[in-house]
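Reviewing the structure listed below.
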Amino acid sequence: MSKRLTEPESRKLLARLKRQQRQLVEAVASTEAARKSPAFALNQSELATVLGVSRQLISHHAKRPGSPQRALDGRCNVQAWREYLAAFGRKQISADAGERVEKDDTKQLAVFFTVSDALPRAVRRAVAISEIDIAPEKIDRLVFCTWLELAGEFDSYQTLTGHDSWLEEEGIEYPREIVAVAGRITESEQ
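According to the working numbering, the sequence shown is numbered sequentially starting from 77.
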């Protein structure tokens, strides 16, 4: 007959296990907990408790497009929220999640660099279409100041979504076109 371990006994047992054994036990326990968790939560507070996150995190994500919507009876689908938060929630501590977050950081930064490289052309086209008479060096200043604001907004978004700030990293590289614009600005000032 199997005996159910008390919490102190299970902690002692986990302390004696090797790291891989402990991870295996924790993985099994988490899947068992997921199977035992309810399919629906009555409200966002209950959903947060079931998922082990804060009510504020659920509330923040509930307002975002693409987040799981309430059922017709007002309940929240626990599995849909679990999957949504795994994809769009804050960074998780597990090793595989760390790799995913790092890939997300790289992908988002690559998209930002692509948009940044297109910014000078877009601003020049907008100036030409609007028939505003601006000197080329002022267009460069406009491009650079716009990029600085966009970079700040992008960095704020990164940190808000749980990613590392790319502006605070050492030895960061800047988009090629923005470096060229900055070079022209410094040349025109000399």
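Backbone N, C-alpha and C fix where the C-beta goes; we use that ideal spot for every residue, glycine too.
Fair warning: this is a prediction, and the values are worked out from it, not measured in the lab.
Listed in chain order, the alpha helix (DSSP H) elements of length 4 or more contained wholly in the stretch 197-235 amount to none. Scanning its chain for C-beta atoms nearer than 7 Å, with the 5 sequence neighbours on each side dropped, one finds no residue around residue 244. Here residue 123 really is in contact with residue 154; their C-beta atoms are around 7 Å apart, less than 8 Å.
The beta carbon of residue 144 sits closer than 6 Å to those of 153, 156, 157 and 160, all from its chain and outside the five residues before and after it, given in chain order. By a beta-carbon distance limit of 8 Å, residue 222 contacts residue 195. Their separation comes to about 7 Å. If one requires a minimum length of 4 residues, the alpha helix (DSSP H) runs lying completely within the stretch 122-164 are 131-138 and 154-164, in chain order. Residue 194 carries a helical assignment under DSSP once its states are collapsed to helix, strand and coil.
The Cβ neighbour count for residue 165, taken over all protein chains shown within 10 Å, is at least 16; the residue is labelled buried. In the structure shown, residue 117 falls within a strand segment according to DSSP collapsed to helix, strand and coil. When secondary structure is reduced to three states using DSSP, residue 241 falls in the coil class, being assigned neither helix nor strand. The C-beta distance from residue 257 to residue 220 rounds to 5 Å, short enough to meet the 8 Å contact threshold.
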